[in-house]
Amino acid sequence: MLLEKGQKIKTIDGETIEVDQYLAGGGQGDVYRVSFRGEQKALKWYTCKFRDEKGFYDNLKSNMDSGSPAREFLWPLAVTEKCLGSFGYVMDLIPAGYYKVDEYALAKVKFSSFKSAVEACIQINSAFRTLHLAGYAYQDINGGNFIVDPVKGNVLICDNDNVAPDGVSTGIVGTPGYMAPEVFSGRNLPNKRSDQFSMAVMFFMLLCANHPLEGRRWQRITCMTDADEMRLYGTDPLFIYDPEDCSNEPVVEIHKNVLKRWGFLPQYMKDIFIKAFSRQSLENPSRRVSEIDWLQALCRFRSDIVRCKNPNCSNEIFINGAATTKCDCCGTPYPVANRVRLPLYEIPVVSGARIYRCQLGTCNLKDALNPVAAIVSKGDALGIKNKSGLIWAALTPSGKSKRVEPEEVIPIKPGITFKIEDYNLEII
Amino acid sequence: MPNMETTEPGARKVLPIIYVLDTSGSMEGNPIGALNQAMNETIPILREVESENASAEIKIGALAFSSGVRWISNGLEYIDDFIWNDVKAGGLTELGAALNELNSKMSRSEIFQSDTGFKLPVLLFMSDGVPTDDWEAALDAANIQNKWFLNSTKIAIALGQKADRSVLTKVVDNNPEAVILVNNLETLKTLIKVMSATASKIGSVSKVNTGTSMATQIVENTRKQMGGDTGDAGVQNPAPPVPTPAATGKSQSGWDDDDWN
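Sequence order for the protein chains is Z and A. When the first sequence is numbered by my numbering, its final residue is 612 and no position is left out of the sequence of numbers. When the second sequence is numbered by my numbering, its final residue is 266 and no position is left out of the sequence of numbers.
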């Protein structure tokens with residue numbers, strides 16, 4: 185039943201919500217613009233009967249009481265009383281300039297740069313890290329409830345009514361295409377591990393713009409029956425770039441985006457996708473790629489993306505092997521004169537690159553995205569700025585020790601070594 | 006790295022939705038007017054669903070039956086290209102002719118042509134009367150000869166008390182829950198719109214853990230969406246489905262491509 189303009193509804197705490205305007209309808213409910221606590225907010229109002237069941241209302245209240253785990257979540261701010269045969273909850277309105285991941289998949293919206301797509305992945309990953317740490321599982325990751333800003337890659341996550349403590353079912357099992365094989369085939373209910381699978385699908389969709397399990401096997405199915413879907417997504421899923429079995433490889437005429445992009449991805453990004461969609465990981469939820477592993481790869485990737493210095497081109501270039509890389513569009517080389525050797529790999533010294541705590545080595549999840557250093561430029565000269573809040577012990581090439589205070593900059597000279605926490609880094 | 010501007014829409018399967026509509030003489034006057042209005046209002050709704058559906062590309066077919074059959078659409082059409090031309094009522098209720106037409110046209114060499122393949126078609130039947138031809142032979146033939154027809158998700162609207170619900174139940178795979186009875190034209194208009202929108206979203210929205218058939222899910226979701234407005238759009242008393250030989254032939258295992266005509 186539709187709510188009328190001016191209609192007043194009470195929250196469980198007795199506060200008043202006044203309906204202003206109908207905004208949109210969805211599978212489970214309608215969304216209205218309302219005024220609440222003197223501000224414009226959104227009200228999701230359920231039109232779907234199953235919502236009364238299985239402690240859904242209590243779960244919603246408990247989510248509201250616990251508060252939002254991270255700023256990315258459009259979290260329930262207040263839950264209404266049960267009235268007019270239904271109930272709903274208040275959340276923030278979606279700001280202008282955000283679009284559903286589905287709209288990116290349909291190419292109705294395009295990222296302004298690959299870097300912003302990577303940023304979106306980092307933000308999604310970071311939100312889930314926080315959600316999972318708080319003991320929740322999202323359970324229904326899909327292209328309709330993640331909204332992204334195409335310029336900056338900022339992310340907001342809607343439909344947090346299905347969020348429940350890890351292992352608790354809300355009745356929703358997920359959305360086809362994003363469901364983990366064990367959930368699709370009915371072996372398991374959604375949990376943190378199935379979220380990790382769905383998240384990897386979303387990363388692939390955002391970065392490669394095709395579905396990771398829909399290759400030749402998918403294309404060859406003339407009419408997709410339930411049994412076909414079960415094999416493709418449930419009992420016998422196969423990554424389109426599985427290194428040992430090419431029977432589901434992308435099809436030239438159909439899977440154009442991924443065929444254009446995959447070859448350009450740095451090896452470590454290919455590797456992490458291959459790992460995330462390996463047979464072991466598809467079959468065994470405990471072998472999923474963890475949020476921290478994704479974060480390490482995505483942060484590294486973000487620092488490897490630069491713009492071509494040719495002003496007539498300014499195409500994006502993925503720096504290859506932390507060395508000078510030619511623009512694949514105009515051929516102009518992007519010079520990389522120096523690198524920083526981290527414990528596990530080297531990163532190119534390019535202006536704007538950052539080093540995060542997770543790139544040094546094992547760390548607390550909550551510290552993972554703290555920047556520890558940034559590459560800064562003054563004219564043509566580059567330097568490394570201490571963003572860690574800690575004093576670094578540095579050693580010049582001639583063996584002199586120096587203290588590097590927070591916000592102080594080290595000039596780029598090969599041979600300088602410096603220590604952050606217990607990790608040794610070197611400029612080469 | 007290729008410019009993000011060159012990104013193309015991701016590959017989607019085609020979801021065919023085919024309306025099989027009774028335009029016999031008994032539909033003359035207000036009923037046919039209501040049907041025309043409902044279909045006209047359904048198109049923009051389907052366009053909107055289509056524009057947000059990342060997993061399926063919707064294509065529409067519309068087949069009218071009275072004394073013989075007539076395609077209102079040009080086979081299957083993209084929803085953006087599809088225009089509803091109002092239909093007139095008159096003639097007999099040759100449901101069998103419609104089933105024969107589906108049997109011959111639901112084929113890879115006819116209306117089902119695509120590089121990416123299809124999702125299971127949705128067949129939406131609407132009738133207000135009793136068939137005047139040998140619909141049973143046509144139904145058996147379609148179920149035996151045509152895998153597309155056999156495996157389609159089928160739902161039916163029985164308009165008014167004169168509609169033969171037992172016939173429609175047999176057409177929709179002996180699933181009484183997939184037949185909705187409507188007694189007034191206002192409800193019919195809403196029902197066609199809501200049911201179309203629900204059917205077009207099936208397979209792309211959040212799933213609840215149920216073991217029910219696709220057709221039953223569409224009907225259940227439709228009823229939920231219509232909420233208190235269902236009025237007399239009640240579901241016929243569910244009776245245990247009686248499997249026919251054709252219905253039990255509905256295979257749950259996949260087939261090789263070449264099995265699909």
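Don't be surprised by glycine CBs; every beta carbon is placed ideally from N, CA and C. In this text the structure is predicted, and so the values were computed from the model without any measurement.
First through last residue of the beta strand (DSSP E) which encompasses residue i
| i | result |
| --- | --- |
| residue 579 of chain Z | 576-579 |
| residue 224 of chain Z | 223-230 |
| residue 70 of chain A | 61-71 |
| residue 381 of chain Z | It is not in any beta strand (DSSP E) - residue 381 of chain Z instead sits in the alpha helix (DSSP H) that spans 376-392. |
| residue 275 of chain Z | 272-275 |
Neighbour-count burial assignment, residue i, 16 or more Cβ in a 10 Å radius
| i | result |
| --- | --- |
| residue 263 of chain Z | buried |
| residue 25 of chain A | buried |
| residue 514 of chain Z | exposed |
| residue 427 of chain Z | exposed |
| residue 542 of chain Z | buried |
| residue 164 of chain A | buried |
| residue 451 of chain Z | exposed |
| residue 244 of chain A | Low confidence applies here, because residue 244 of chain A scores a pLDDT of 41, under 50, leaving its location unreliable; read the following figure in that light. Looking at its Cβ environment, which holds fewer than 16 other Cβ atoms inside 10 Å, residue 244 of chain A is exposed. |
| residue 319 of chain Z | exposed |
| residue 342 of chain Z | buried |
Host alpha helix (DSSP H) of residue i (start-end)
| i | result |
| --- | --- |
| residue 45 of chain A | 35-57 |
| residue 289 of chain Z | 285-289 |
| residue 143 of chain A | 140-150 |
| residue 313 of chain Z | 298-317 |
| residue 100 of chain A | 100-110 |
| residue 2 of chain A | This structure leaves residue 2 of chain A out entirely; chain A is present only between 6 and 266. |
| residue 467 of chain Z | 463-467 |
| residue 191 of chain A | 190-206 |
Reduced DSSP category for residue i - H, G, I as helix; E, B as strand; rest coil
| i | result |
| --- | --- |
| residue 541 of chain Z | helix |
| residue 557 of chain Z | strand |
| residue 423 of chain Z | coil |
| residue 407 of chain Z | strand |
| residue 214 of chain Z | strand |
| residue 131 of chain A | strand |
| residue 266 of chain Z | coil |
| residue 480 of chain Z | helix |
| residue 9 of chain A | helix |
| residue 239 of chain Z | coil |
| residue 172 of chain A | helix |
| residue 202 of chain Z | strand |
| residue 295 of chain Z | coil |
| residue 363 of chain Z | coil |
| residue 496 of chain Z | coil |
| residue 447 of chain Z | helix |
| residue 566 of chain Z | strand |
Contact belief for residue i with residue j at Cβ below 8 angstroms, rounded distance in angstroms
| i | j | result |
| --- | --- | --- |
| residue 423 of chain Z | residue 458 of chain Z | 7 angstroms |
| residue 442 of chain Z | residue 394 of chain Z | 4 angstroms |
| residue 592 of chain Z | residue 601 of chain Z | Actually they do not touch by this definition, with Cβ atoms about 16 angstroms apart. |
| residue 101 of chain A | residue 43 of chain A | Not a contact, Cβ separation roughly 25 angstroms. |
| residue 22 of chain A | residue 50 of chain A | Contact flag wrong, Cβ pair sits at about 12 angstroms. |
| residue 590 of chain Z | residue 570 of chain Z | 5 angstroms |
| residue 266 of chain Z | residue 300 of chain Z | Not a contact, Cβ separation roughly 42 angstroms. |
| residue 48 of chain A | residue 87 of chain A | 6 angstroms |
| residue 218 of chain A | residue 356 of chain Z | The Cβ separation is near 19 angstroms, so there is no contact. |
Neighbour flag for residue i against chain A, beta carbons, 9 angstroms
| i | result |
| --- | --- |
| residue 346 of chain Z | yes |
| residue 485 of chain Z | no |
| residue 358 of chain Z | yes |
| residue 502 of chain Z | yes |
| residue 259 of chain Z | no |
| residue 423 of chain Z | no |
| residue 553 of chain Z | no |
| residue 290 of chain Z | yes |
| residue 316 of chain Z | no |
| residue 193 of chain Z | no |
| residue 371 of chain Z | no |
| residue 284 of chain Z | yes |
Closer than 9 angstroms to chain Z by CB, residue i
| i | result |
| --- | --- |
| residue 173 of chain A | no |
| residue 16 of chain A | yes |
| residue 48 of chain A | no |
| residue 8 of chain A | yes |
| residue 60 of chain A | yes |
| residue 233 of chain A | In this prediction, residue 233 of chain A scores a pLDDT of 48, lower than 50, which makes its location untrustworthy; no coordinate-derived value is stated. |
| residue 153 of chain A | yes |
Residue i: CB within 8 angstroms of a non-hydrogen atom of the ligand SAH
| i | result |
| --- | --- |
| residue 319 of chain Z | Among the ligands in the structure shown, none appear at all, so the ligand SAH cannot be discussed. |
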